[in-house]
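Residues -24 to -1, 1 to 81 in mature numbering (1 follows the signal peptide of the UniProt record, and there is no 0) are what the sequence shown lists, from first letter to last. C-beta atoms are modelled at their ideal positions from N, C-alpha and C, and glycine is treated no differently. Notes follow the structure.
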Amino acid sequence: MSTILDISLRLLFTLPFIFSTVLSLEGNGTFPAQAGYLPQYEAKFFLDVLHQIAKQLGKTDWDFSQNPCDRNINWLTPYIEKSPYNNSVECDCSYPGGVCHVVSL
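Below you can see the structure in the form of structure tokens.
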């Protein structure tokens, strides 16, 4: 009987520790953020470059009023096997205060 009590007490103290550890890791940016914003200087540069690319390629379906780091469908291309096209913008949003930086296009 004492072994069941010992196991129950261990679980009682271990499970909250595990849950608090997982929650603290999530809050520290260990898991990728879903949305954030680009710093003003980076947003202006990035959007200017994208406007030039779109003009040269004849792309008219990019919505430049949308935040490229908020996982908006406008800036993501669904994965299609063997497709030569990919319009996806990838951002790293692990910086403090919700700041993101474009890491690939």
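*asked:* Assuming Glu18 is part of the alpha helix (DSSP H), what are its boundary residues?
replied: For the purposes of this step, residue 18 is taken as the residue at position 42 of the sequence shown. Run containing Glu18: Gln16 to Leu33, per the alpha helix (DSSP H) assignment.
*asked:* Comparing C-alpha positions only, which one of Tyr13, Pro15, Ile56 and Asp68 sits nearest to Leu81?
replied: Here residue 81 refers to the residue found at position 105 when the sequence shown is read from its first residue. Nearest option by C-alpha distance: Asp68.
*asked:* If you measure between the beta carbons of Val78 and Gly12, is that distance less than 8 Å?
replied: As a first step, residue 78 is located in the sequence shown; it is residue number 102 there, counting from the start. As a first step, residue 12 is located in the sequence shown; it is residue number 36 there, counting from the start. Cβ distance not < 8 Å, so Val78 and Gly12 don't count as in contact.
_Rounding to the nearest angstrom, what Cα-Cα distance links Lys35 and Tyr17 in this structure?_
Here residue 35 refers to the residue found at position 59 of the sequence shown. Here residue 17 refers to the residue found at position 41 of the sequence shown. Going by the C-alpha atoms only, they are around 24 Å apart.
*Using alpha carbons as the reference points, say which of Pro60, Pro54, Ser59 and Gly73 lies closest to Glu66.*
As a first step, residue 66 is located in the sequence shown; it is residue number 90 there, counting from the start. The shortest C-alpha separation from Glu66 is found at Pro54.
*asked:* Beta-carbon within less than 6 Å of Gln42's beta-carbon, same chain only, minus the 5 sequence neighbours each way: which residues are those?
replied: Position 66 of the sequence shown, counting from 1, holds the residue named residue 42. Hits under 6 Å: Asn48 and Asn50.
*So, are the CB atoms of Ser64 and Leu52 less than 8 Å apart?*
Here residue 64 refers to the residue found at position 88 when the sequence shown is read from its first residue. Here residue 52 refers to the residue found at position 76 when the sequence shown is read from its first residue. Result yes, Cβ atoms of Ser64 and Leu52 sit closer than 8 Å.
*When the distance is taken between beta carbons, is Phe22 closer than 8 Å to Leu14?*
Taking the first residue of the sequence shown as position 1, residue 14 is located at position 38. Taking the first residue of the sequence shown as position 1, residue 22 is located at position 46. Taking 8 Å as the Cβ cut-off, Leu14 and Phe22 qualify as a contacting pair.
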